[in-house]
Structures are given as C-alpha cells and as structure tokens.
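Here is the structure we will look at, set down as structure tokens.
4 protein chains.
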Amino acid sequence: MPNKEKHNAIIASALALFSKYGFHNTTIAQIAKNIGISAGSIYSYFPSKNSLAKAAITFVTRILAKQLRVINEKEASSQEKITLFVQSYLTFVSKHPEMIEYFFKVYLTNKEIFSEEGKSGFELAQDFINEVEKLIDDGVKSGEFRAGNFYIAFSSIVGILGAITFLSGEKVLDKNLDIYTQDLSNSICRALS
Amino acid sequence: MPNKEKHNAIIASALALFSKYGFHNTTIAQIAKNIGISAGSIYSYFPSKNSLAKAAITFVTRILAKQLRVINEKEASSQEKITLFVQSYLTFVSKHPEMIEYFFKVYLTNKEIFSEEGKSGFELAQDFINEVEKLIDDGVKSGEFRAGNFYIAFSSIVGILGAITFLSGEKVLDKNLDIYTQDLSNSICRALS
Amino acid sequence: MPNKEKHNAIIASALALFSKYGFHNTTIAQIAKNIGISAGSIYSYFPSKNSLAKAAITFVTRILAKQLRVINEKEASSQEKITLFVQSYLTFVSKHPEMIEYFFKVYLTNKEIFSEEGKSGFELAQDFINEVEKLIDDGVKSGEFRAGNFYIAFSSIVGILGAITFLSGEKVLDKNLDIYTQDLSNSICRALS
Amino acid sequence: MPNKEKHNAIIASALALFSKYGFHNTTIAQIAKNIGISAGSIYSYFPSKNSLAKAAITFVTRILAKQLRVINEKEASSQEKITLFVQSYLTFVSKHPEMIEYFFKVYLTNKEIFSEEGKSGFELAQDFINEVEKLIDDGVKSGEFRAGNFYIAFSSIVGILGAITFLSGEKVLDKNLDIYTQDLSNSICRALS
DNA sequence: CATGAATGAGACTTCATTCAT
DNA sequence: TATGAATGAAGTCTCATTCAT
Numbered sequence: 049m050p051n052k053e054k055h056n057a058i059i060a061s062a063l064a065l066f067s068k069y070g071f072h073n074t075t076i077a078q079i080a081k082n083i084g085i086s087a088g089s090i091y092s093y094f095p096s097k098n099s100l101a102k103a104a105i106t107f108v109t110r111i112l113a114k115q116l117r118v119i120n121e122k123e124a125s126s127q128e129k130i131t132l133f134v135q136s137y138l139t140f141v142s143k144h145p146e147m148i149e150y151f152f153k154v155y156l157t158n159k160e161i162f163s164e165e166g167k168s169g170f171e172l173a174q175d176f177i178n179e180v181e182k183l184i185d186d187g188v189k190s191g192e193f194r195a196g197n198f199y200i201a202f203s204s205i206v207g208i209l210g211a212i213t214f215l216s217g218e219k220v221l222d223k224n225l226d227i228y229t230q231d232l233s234n235s236i237c238r239a240l241s
Numbered sequence: 049m050p051n052k053e054k055h056n057a058i059i060a061s062a063l064a065l066f067s068k069y070g071f072h073n074t075t076i077a078q079i080a081k082n083i084g085i086s087a088g089s090i091y092s093y094f095p096s097k098n099s100l101a102k103a104a105i106t107f108v109t110r111i112l113a114k115q116l117r118v119i120n121e122k123e124a125s126s127q128e129k130i131t132l133f134v135q136s137y138l139t140f141v142s143k144h145p146e147m148i149e150y151f152f153k154v155y156l157t158n159k160e161i162f163s164e165e166g167k168s169g170f171e172l173a174q175d176f177i178n179e180v181e182k183l184i185d186d187g188v189k190s191g192e193f194r195a196g197n198f199y200i201a202f203s204s205i206v207g208i209l210g211a212i213t214f215l216s217g218e219k220v221l222d223k224n225l226d227i228y229t230q231d232l233s234n235s236i237c238r239a240l241s
Numbered sequence: 049m050p051n052k053e054k055h056n057a058i059i060a061s062a063l064a065l066f067s068k069y070g071f072h073n074t075t076i077a078q079i080a081k082n083i084g085i086s087a088g089s090i091y092s093y094f095p096s097k098n099s100l101a102k103a104a105i106t107f108v109t110r111i112l113a114k115q116l117r118v119i120n121e122k123e124a125s126s127q128e129k130i131t132l133f134v135q136s137y138l139t140f141v142s143k144h145p146e147m148i149e150y151f152f153k154v155y156l157t158n159k160e161i162f163s164e165e166g167k168s169g170f171e172l173a174q175d176f177i178n179e180v181e182k183l184i185d186d187g188v189k190s191g192e193f194r195a196g197n198f199y200i201a202f203s204s205i206v207g208i209l210g211a212i213t214f215l216s217g218e219k220v221l222d223k224n225l226d227i228y229t230q231d232l233s234n235s236i237c238r239a240l241s
Numbered sequence: 049m050p051n052k053e054k055h056n057a058i059i060a061s062a063l064a065l066f067s068k069y070g071f072h073n074t075t076i077a078q079i080a081k082n083i084g085i086s087a088g089s090i091y092s093y094f095p096s097k098n099s100l101a102k103a104a105i106t107f108v109t110r111i112l113a114k115q116l117r118v119i120n121e122k123e124a125s126s127q128e129k130i131t132l133f134v135q136s137y138l139t140f141v142s143k144h145p146e147m148i149e150y151f152f153k154v155y156l157t158n159k160e161i162f163s164e165e166g167k168s169g170f171e172l173a174q175d176f177i178n179e180v181e182k183l184i185d186d187g188v189k190s191g192e193f194r195a196g197n198f199y200i201a202f203s204s205i206v207g208i209l210g211a212i213t214f215l216s217g218e219k220v221l222d223k224n225l226d227i228y229t230q231d232l233s234n235s236i237c238r239a240l241s
C-alpha cells in the first residue's frame, strides 16, 4: 500500500460522496476526481468499491469508539457520561456530518455491501458497540440505570441520537445541534433509568 | 388480474425485494418475475423505477399513519397510547418486516433515490409525522409528557423503534419482537416524561 | 433464449473473429457490430464471453463429430474411411476455415477459457474424440491398423490434419488443400498400420 | 544479478507463466514478482510485453533447432535420427513442459500476439523449420522416406509430436512421456516412408 | 394492455506502460 | 538501472427503458 496520506484522502473522499449521494450513485471516478487522482489509482489502495465502503465504516467506527472509550474511562457518574457522550457526539456531527451520515445512511441501509457469507456487516461496528455496552453496564452496576434488556437500552441511546442526526441532516432542525445536548441527554437518561 | 390489484401486487413485490436486496440490487425484471408478469408491463403502471419506489413508500407510510391515527382517536391516556402504538407497530414489523425495513431504509437513504426530484422522501411521510406530533402534543397537554423540543420527542419515539427494528432485521435479538413491547413502551414514556 | 437464428449468427460471428484475431483481441462489441446488433444484446443469448467461446467449440465439434459418424457408419475398409474423412475434413476446412482455425487455435491455446474447476475443457470435444476412437478401433479389429496406444493413433490422425490445417491458415501452402487428400490419407494410414 | 542473467531470468519467468496462464492472463507484474524484481525494470530489458513474448519464443526455438541440428549432423540412418529426435524432444517436454507448451501455443496463436508486427510468428521459427527440412531431405535422399510434398512430411513429424504434447499437457496420458518414444518414432517413420 | 427482445449508456475493474525518485 | 505509484485506455457486463408485435 503506497502511501498512508492518500489512503486516508480516498476514505475521506468516499465518505463525503457516499454520504451525500449514496453508495450506488457515487462512482469510483468521482471519488478519484474529487481528490485529483485517477480512478485506477484507487485500486492500488482498495481492491474494490465495496472494500472501500467497508474501510470507511471501520474508520468512522474507530473514531466513535475511541471517543466513547475515553469517556467510559473517566471518573464520573453514568449520567454525566451520557451527557459527555452526547456532547462529544453532537460536536462530531457538526464537524464531520459526512462521517456520521455515512454511518447511519450508507451503513445501515446497504447491508449487501458490508455483509459477506452469512457474516453480518454489523460486526464492523463491534468496537463501538462494545463501548456502548460498557456505558450501559456501568450505569446498571452503579444503580443509575435500571437493569433490563441490552438491546432496548442500546436502542435508546443509539436510536435517539441517530434520529436527531437524521433530522439534522434533513435540515429540519431550526437551531444548531449543540443546543440540544442537555435535552437529549435528559431523554436518554430517563429512557435508561 | 384487475388494474388496481396488479398495481398493488407490483408494489408488494417491489417492497419485498427492495427491502431484502436494496433498491439498486433489485431489477425491474425481478420485481416482475416475482409476480409472474413481464418487465415491460410494470411501465404500464409506473413511469419509472424511482416512481415505483415512491409509490411503495407512500403505501407503507399510509398504513403506519392510519394505525397511529386510530390510536390517537381512542379514549386513553398518552402512556396507554404509546403502549398501543408500540404494540401495533411491533406486530406490523413481525407480519411485514419488509415494509418496515423498506420504510426505514428509504427514509435514511431518500437522497439516494429521491434527491433529483426536489421533494425529499421525508416529506412523503408527512401524514405519519403529523400523527406522531399529535400523540406527543396530546401527552404534553395532559401533563403526562414534559414540554420540550418536538424533534427530540420525535426522535425518542421513532429513533428507539427504528433502532430495535434494525436490530431485529439484523437477527441479533434472541426473542420475538413482541416480548419487548412493555419494556420499549416504558423506555419511550420515560424519555418523554 | 429469444431467437435461434440470432443465436447462431452470434456464434458464427464469434467464430470468425476469434479465429481471425484471437479470443482476447476480439471484443464483444466487435462480435455484435459484425452482425449489426448491440453489444448488450449478446448477453441475452450467452451469459459471458467465455460461455460464448464454449458454445462455439461445441458447435464446431458437433459438426466434425457428425461428419465422422456418417463415415464410420459406412460399409468400407478403414483405409477408405480415412480417405473419406480426410476428404470431407479438407473440404470443410476450405469452406469454413474459420471454424477449424477456431478449433485448433482458440481452443487448443486458451485452456483457461474452456476448463473450469478441474474439469478439462477437453471434454467439450468428447463427441468428436469418440468418433475418432471408433475409427481407430474398427481398423484395429479388421487388422488394417496395428494395435497400439490409442493416444499415439489419435495423434497421428488429428496431429497431421491439424498441422496441415495450420500451414494452410498460414498461407504457406502453394496449392489448394484438396490436392493433398490422397497424400495425407496415405501418410495417416501408414502411421497407423 | 548481471545483465544477461536477469535478461534470461525474465524470459524464463515469462515462459513459465505464459504457458501456464496464457499470454493475456499473465501480467508484467506477475512475471516480475516471480523473480523478485519490479515491474518497471522489465522495461529496461524489453520494450514491451509483446517483445518479451517474441524473445521467449526465439529462445525456445533456438534450443529446439540446436537439438535437431546436432542430431542432423550425426552419422546415422534417418530412421535412427527420427528416433533420436523424438527421444530428445520428449525428454525436453518432460524437463521443460512450459517451454514446449509455450512453443506450440505461440505458434498456434501467433496472429493474436504478433499480427500487428507484420512478421508472423511462423517466420520466427525458421531455424527450426530448416532443420526439420534437412532431416526429411536426407531421408528422401537415402531412400528411407518417400519423396513427396514437404508440408505433409513436416506435418507428419511436427503434427504428431505436437498432438502428443498437447495430450500430455492435458494430463490424459496415463504414463510418462518417454514410454512412447519407440511407438511414436515408429508412427512417424511409417508416415514418412 | 402485455410481452420481452433490444438498446445504449455507464459502471467497475484491469493492466501495460511511464516517470519521478 | 531499479522502483512502484500513477495513469488512462479499454473491456466486460448490467439494466432501466423502449417499442414492435
């Protein structure tokens, strides 16, 4: 693999275009042109368009997982952690909407791209999911969150954040995203408690 | 097969295949073959593949909106209405997973499919959104839900249900969906109150 | 499969171009243009370029096998049968050089096209090979040919005819092919006896 | 690695890969990697892939011509020479099947590879052909072979050997090639006499 | 209205060849 | 001379859409 900088530039380009136009409406040629390289060049870095989409997901997932890991390792109540996470998440959405939109739009809606041979593409996000699980578990242990089904708790966090992200991307929100931090944290904590 | 019947059969076929394989991985020929008609004849009913996708989403949206309208018109507390809605929704997911998966998939990726037409896929769901708004408003008026930003409340309902639907589609849930009715209603009501 | 006539026209076009320019130097577009249809059209008849090459081999092989079968079924000495076969073969080469050249050039030299999953592409010619075997066996039984290894006898017939065909295709022969009938039959019979 | 040595290593690598996968299914990169050099550096030795193919065929042809020349210069009957040639040829096929397979493959498909250059692949083999001609002429002069058309005699030798080589390459022969030496020589001599 | 063969535009991908280092 | 990243041209194949029957 030639060059790490270009590798990342390709991912960034793909991320931006996939999230904007969708995976199937973005061509390799566009991704290449977008960063001033030739289409064939991309194949020195990624063996296929699908693999590029996967690399992009891994890229975003790692960032999200890392952010949450840092928060998980802090000394703070679980409610505070939720707030911190919502905060860092919304900031991230503001700064890199294309990454989050990619995560929610392309990833969730194009299973056929990410899964292979019975293996759910879901596993690509495992790192992030593990951190969410830890966040929930810790809260249950400390008594701040009620014990209950993991998937419902997971849905309460990720679903609410995902939905508000979607609305933001659709430009239906009148204000800046960070305005909603406290209110969203509140709703999530209540849903979990 | 009368006109209207074939029209609906085409939508049902499209719905099933789009949700299973994705819009771009489903061909008009497959949709046609699936119900034993010719590819060309689909164009007697829908002017394009995109228009078929739109008709399908309208079809599903109307069903969801109608279900919620019936519940909204009942004499019941808002909490009970939430439970009723979750219940009817989960039943619907169990019976017609393809419709709900398509519903979420299309909305998440509407840009990909509908972007060129000016009208966002989001707008197509206005009926349904209006009913959700009414559900929330009524709860706020009755004092059961806290007053607050509509979009956050909307996200709390639709986001949580969407997330659990996604997990169900990914086959990561160990049990039947309806098991989660009470727990989910609980989480949603807490998030709103 | 739409239409038998066009199916055969495609095979004929492929045969002519493959034998003239080689498999890899012939494009689907050329094959199509050659008979005035669109490139995509070919894929209604053959799922891939490789499959078209295979169909062409089967086509030629069947003709060769049929010719030899007719001769094998005649009442004649084996030597006479050899002569008849050489005669009919040379006539065929004169009339349809592209078919025979295809057989010897494309088929023999592009194994990767015709074989699949351990299965030797050789089997595509089985019909013809069987007839050659019968021709030899009958001669051995009648005492005209010496008993011996089948593959050597096979090589004596097919190798000699193949080589003269090749030379003919290379335009190094000064005279018409049929001039050589008696001489070739002679050589083959001696090689076998 | 000195100049000449690398030159030959490239030819050997090309020979092995061309014969195994075919000219068009072998990439310059593979040829290079196979001997641990870079793709670009092949162009320091050969101006194009085609020229490399030509150099390879010349290389093999010279070996074959030389072997036959040595035999031609011996004091022996023509029949003995045929046997010697068959023997040395089969040994060569056993030791370097890739060279012989390439030899036949290239000549059969020379149009595909060399056509644009005006000079047919056939001409490249002139050295070898001359030696075959001498072998035949000597036999005719000594009365061992019957006088007749050169091309038929040539086909009898090269066609039979080519066919058995092909069968060997197809792995349809049950035994080692050298087993067939006497039998093959026999057939060839009879065909010529 | 139905059919389905035909079209043609366009996508992904490969690879010989070049050239700056 | 060596390297190998980059190019760009080309080829296979797909499929929404059309249209003659």
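Chains as they are written, first to last, in our numbering: chain A, 49 to 241; chain B, 49 to 241; chain C, 49 to 241; chain D, 49 to 241.
A virtual CB, placed ideally from N, CA and C, is assigned to each residue, including glycine.
- Secondary structure note for residue 131/B: its alpha helix (DSSP H) is the uninterrupted segment 126-143.
- Contacts with chain C (Cβ-Cβ distance below 8 Å) from the stretch 219-235 of chain D involve 219, 220, 221, 228, 231, 232 and 235, listed in chain order.
- Rounded to the nearest whole angstrom, the CA to CA distance from residue 178/A to residue 200/A is 15 Å.
- For residue 105/C, not one C-beta of chain D is nearer than 8 Å to its own C-beta.
- Residue burial is scored here from C-beta neighbours: residue 189/A has fewer than 16 other C-beta atoms within 10 angstroms and is therefore classed as exposed.
- For residue 117/C, the enclosing alpha helix (DSSP H) starts and ends at 97-120.
- Look at the stretch 51-74 of chain C: the residues with a C-beta under 8 Å from a C-beta of chain D are 68, 69, 70, 71, 72 and 73.
- At a C-beta separation below 8 Å, residue 212/B has these neighbours in chain A: 199, 200, 203 and 207.
- At a cut-off of 8 Å, the C-beta of residue 170/A has a neighbouring C-beta in chain B.
- Only buried fits residue 239/B, as 16 or more other CB atoms lie within 10 angstroms of its CB.
- Contact of residue 157/B with chain A by beta-carbon distance below 7 Å involves 70, 153 and 157.
- Spatial neighbours of residue 180/B in its own chain (CB-CB distance under 8 Å, excluding positions within 5 residues in sequence) are listed in chain order as 116, 202, 205 and 206.
- The beta carbon of residue 241/A lies closer than 7 Å to those of 192, 193 and 194 in the same chain, with the five residues before and after it left out.
- Annotated as distal: residue 229/A and residue 176/A, with beta-carbon spacing of 8 Å or more.
- Residue state for residue 123/C is assigned as coil, using DSSP reduced to three classes.
- Using a Cβ-Cβ cut-off of 8 Å, residue 215/D counts as an interface residue toward chain C, since at least one Cβ of chain C sits closer than that to its own.
- Judged by beta-carbon spacing, residue 93/B lies within the 8 Å limit of residue 58/B, meaning their Cβ atoms are closer than that value.
- When secondary structure is reduced to three states using DSSP, residue 218/C falls in the coil class, being assigned neither helix nor strand.
- A buried status is given to residue 113/B, since no fewer than 16 other beta-carbon atoms sit within 10 Å of its beta-carbon.
- Not a single C-beta of chain C is nearer than 8 Å to the C-beta of residue 191/D.
- Taking a contact as a CB-CB distance under 8 Å, the pair residue 130/D and residue 237/D counts as one, their CB atoms being some 5 Å apart.
- Closest by C-alpha distance to residue 217/D, out of 197/D, 234/D, 184/D and 142/D, is 142/D.
- Burial check for residue 224/A: the Cβ neighbour count within 10 Å stays below 16, so the residue is exposed.
- Excluding the 5 residues flanking it on each side, residue 111/C has same chain C-beta neighbours closer than 8 Å at 140 and 147, in chain order.
- The Cβ neighbour count for residue 126/D, taken over all protein chains shown within 10 Å, is at least 16; the residue is labelled buried.
- In terms of Cβ geometry, residue 78/A and residue 63/A do not form a close pair [threshold 8 Å].
- Residue burial is scored here from C-beta neighbours: residue 87/D has fewer than 16 other C-beta atoms within 10 angstroms and is therefore classed as exposed.
- A Cβ-Cβ contact shorter than 8 Å links residue 152/D with residue 213/D.
- Cβ contact annotation for residue 150/D (same chain, cutoff 8 Å, sequence separation greater than five): 63, 66, 67, 104, 105 and 108, in chain order.
- Separation of the CB atoms of residue 157/A and residue 157/B is rounded to 5 Å, and the pair is thereby assigned contact status at 8 Å.
- Between residue 142/B and chain A, the shortest Cβ-Cβ separation is not below 8 Å.
- In the structure shown, the three-state DSSP call for residue 69/C is helix.
- For the options 196/D, 69/D and 89/D, the alpha carbon positioned closest to that of residue 55/D is the one of 89/D.
- Check the Cα spacing between residue 231/A and each of 174/B, 197/B, 154/B and 145/B: the tightest is with 197/B.
- Where residue 81/A is concerned, the enclosing alpha helix (DSSP H) starts and stops at 76-82.
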